[in-house]
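Residue numbers (my numbering): 41 to 312.
Read through the structure below, which is laid out as structure tokens, and then see the notes.
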Amino acid sequence: MRRHHHRLANRRPELSQHFLLPGVARRLVRRLDFPTGAFVIEPGAGDGALTEALADAGYGVLAIEKDGRLYAELRRRFAGRPAVECRHADFLAMPLPRTPYRAVSNVPYAITAALVLKLLDAPRPPDDAALIVQREAAEKFAGAPRETRSSLLYRPWFEVGIECGVPRSWFEPTPRVSSVLMRLRQRAAPLVDAASAVAYRRFVVEAFGRGGPEASRGLRRFVTARQLARLRRDLGFTADARPSELSFSQWLAIFRFVEHECLGHDPTARVA
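As structure tokens, this is what we get:
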């Protein structure tokens, strides 16, 4: 009981802090299949429930905490654990490792999008990340149940999925929103090569949602009516299909057609 009151006394609501119960943290860490001895960064380490579970599982941990009071508690708690380094820092402002690492975090709701994008857009992204985030944010990045612009932008390089729900009763205090464990894994072989990465992302931004409610309108920025009819026939989507109703595999096939059949390596130039 004293531990419970101590945790809540140190909580800062403005930082969207909802602490995982220690037993839950251990349960979630057991789901990970990181290599033995893997180096894990933990943004928003909070009161250290995940930190302890990660260290007990044999991982090296860099526990990052912005809140000065929680950081001081973390330093005291893990002073005798050489596998744990505690750092008082704003994760969003610090550089990420240039060597292999994994990431695990009970992400503060207020910075979910910024934290996920920092990992995905890093010069060297994590090989694997397990993030506890609000369900709606996870669905946006995972493209579940339908694709989004955010999911399409990263799918060629990452496998993004929702592994399991994280019930509200697993936190102190109980949050008002639903949470899930989202997993981000780098693909062993990217589906779009480095030379085409910028072109692919520009294509998605321009084609997805900028032409109106139908995907065909956005695609007419890049292909002729005849080419579009061929794509609809070959890939099996209708003229009134919304952008989110096309699967990632359909979007990828369209990009490859546009890149190789129409525009070389500049799929932002309009085909007459």
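Beta carbons are placed, not taken as given, at the ideal position from N, Cα and C, and that holds for glycine.
Just so we're clear, the structure is a prediction, and the values are computed from it rather than from any experiment.
- Comparing alpha-carbon positions, the option among Leu292, Val217, Pro213, Arg270 lying closest to leucine 61 turns out to be Pro213.
- For valine 124, the enclosing beta strand (DSSP E) stretches over residues 124-128.
- If you look at phenylalanine 181, you'll find it in the alpha helix (DSSP H) that goes 175-182.
- Membership of proline 83 in the beta strand (DSSP E) is indicated by the continuous run 79-83.
- The straight-line gap separating the alpha-carbon atoms of leucine 94 and valine 124 is approximately 9 angstroms.
- Considering only Ala89, Glu199, Gly84, Ala85, the residue with the shortest C-alpha distance to arginine 66 is Ala89.
- Under the criterion of beta carbons closer than 8 angstroms, arginine 195 and alanine 169 do not qualify as touching, at roughly 15 angstroms.
- Per DSSP, leucine 224 lies in no alpha helix (DSSP H); the unbroken beta strand (DSSP E) holding it starts and ends at 219-226.
- Judged by beta-carbon spacing, leucine 155 lies within the 8 angstroms limit of proline 83, meaning their Cβ atoms are closer than that value.
- By the neighbour-count criterion, in which a residue is buried when 16 or more other Cβ atoms sit within 10 angstroms of its Cβ, histidine 300 is exposed.
- In the DSSP annotation of this structure, the continuous segment of the alpha helix (DSSP H) that includes serine 289 starts and ends at 288-297.
- By the Cβ neighbour-count rule, threonine 152 is buried, with 16 or more other Cβ atoms within 10 Å of its own.
- Distance from the CA of arginine 70 to the CA of leucine 286, rounded to the nearest whole angstrom, comes to 35 angstroms.
- The C-beta distance from isoleucine 172 to serine 219 rounds to 6 angstroms, short enough to fall under 8 angstroms.
- The DSSP-derived three-state label of phenylalanine 211 is strand.
- Note on the stretch 91-179: whole beta strand (DSSP E) runs with a minimum of 3 residues are 100-105, 124-128, 142-146, 168-174, in chain order.
- By the CB criterion at 8 angstroms, leucine 221 and glutamate 203 fall inside the cutoff.
- Cβ neighbours of leucine 231 within its own chain (closer than 6 angstroms, five residues either side excluded): Pro196.
- Note on geometry: alpha-carbon atoms of aspartate 233 and aspartate 280 lie some 31 angstroms from one another.
- Residue environment analysis places proline 207 among the exposed positions, since fewer than 16 neighbouring C-beta atoms fall within 10 angstroms of its C-beta.
- By the criterion of a C-beta distance shorter than 6 angstroms, aspartate 96 is surrounded by no residue of its chain, once the five residues flanking it on both sides are discounted.
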